[in-house]
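The structure appears right after this line, and notes come after that.
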Amino acid sequence: MNIDTVRARLRPVSAVDVDELVHLDSDPEVMRYVSGGAATPRAVIEEWVVPRAETEHRKYGTGTWVLCDPATAAFLGWISLRTPRHSCRAELELSYRLRRTVWGRGLATEAAFALVAFAFDHLGTDRVFASTVARNASSRRVMEKLGMTLCAIHLCDDAADSAELLTIHPDRDRSEVEYELVRADWQERSQRWSSAGGLTA
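Per full-length UniProt numbering, the very first residue in the sequence shown carries number 1; after that it's consecutive.
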């Protein structure tokens with residue numbers, strides 16, 4: 001199922017996207033908060049990333065969508081909804097990765113908003129969550145613009161002793177933060193956004 005936004009088209013990932021996915025993950029800046037800058041091996045993308053996403057899509061209607069320019073079909077990145085393997089809750093994990101050339105345009109927020117709407121309105125989920133390292137301010141801003149709230153801080157071994165410090169100074173360590181949006185809050189916020197004429201990226 002394709003999902004269209006104002007400035008992008010989201011389509012399910014497939015084997016034809018391997019080259020673009022490899023290229024995306026070869027950018028050290030894109031991978032800075034994912035792997036410390038290391039590229040994802042092509043074999044991992046071919047043999048695990050894409051097949052897993054396709055299986056998710058067939059089983060649950062979730063998975064990974066490629067983010068494309070609707071006018072040129074150019075690859076801009078990807079966004080995903082993943083079903084947690086060890087969870088008894090009706091919840092989905094949101095993640096996204098975009099080419100550096102399109103950073104700062106609000107495309108991640110726009111695509112994420114469309115996928116969150118799909119999760120609540122069509123997949124019947126009760127909760128969408130996302131996580132990143134605490135110092136990844138750009139990714140955290142996307143989550144906050146969606147109306148997500150900070151729900152957990154996962155401290156690493158060399159983290160500050162106080163979790164409160166991480167909220168104020170997220171650049172101090174490599175700890176992870178988790179944000180969430182629950183169905184009741186989504187319904188309230190989406191009504192407000194509709195009344196205001198849409199989400200501001």
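A virtual CB, placed ideally from N, CA and C, is assigned to each residue, including glycine.
Beta-bridge partners of residue i, as assigned by DSSP
i: H154; result: E176
i: R9; result: D4, C68
i: R89; result: BP columns for R89 are empty, so no partner.
i: T149; result: E180
Residues near residue i by beta carbon distance below 8 Å, same chain, minus five either side
i: M1; result: P12, G61
i: L10; result: N2, I3, D4, W65, V66, L67, C68, I79, A111, A114, L115
Which of helix, strand or coil DSSP assigns to residue i
i: W65; result: strand
i: R127; result: strand
i: W78; result: strand
i: V133; result: strand
i: T55; result: helix
i: R97; result: strand
i: T40; result: coil
i: W103; result: coil
i: A160; result: Because A160 sits at a pLDDT of 49, beneath the cut-off of 50, its placement in the model cannot be relied upon, and the following sentence gives the value as read from the coordinates. The answer is coil: DSSP assigns A160 none of H, G, I, E or B.
i: E47; result: helix
i: M31; result: coil
Same chain, Cβ closer than 6 Å to residue i, neighbours up to 5 away in sequence not counted
i: W186; result: F120
i: T132; result: S139
i: V128; result: L92, L94, V116, A119, L181
i: A114; result: I3, T5
Distance cut-off 7 Å: residue i Cβ against heavy atoms of the ligand SAM
i: I79; result: The model depicted lacks the ligand SAM and carries no ligand whatsoever.
Alpha-carbon to alpha-carbon, residue j and residue i
i: A130; j: T72; result: 30 Å
i: V177; j: P70; result: 33 Å
i: E46; j: L155; result: 32 Å
Presumed contact (8 Å Cβ cut-off) between residue i and residue j, rounded CB distance
i: V50; j: S14; result: 7 Å
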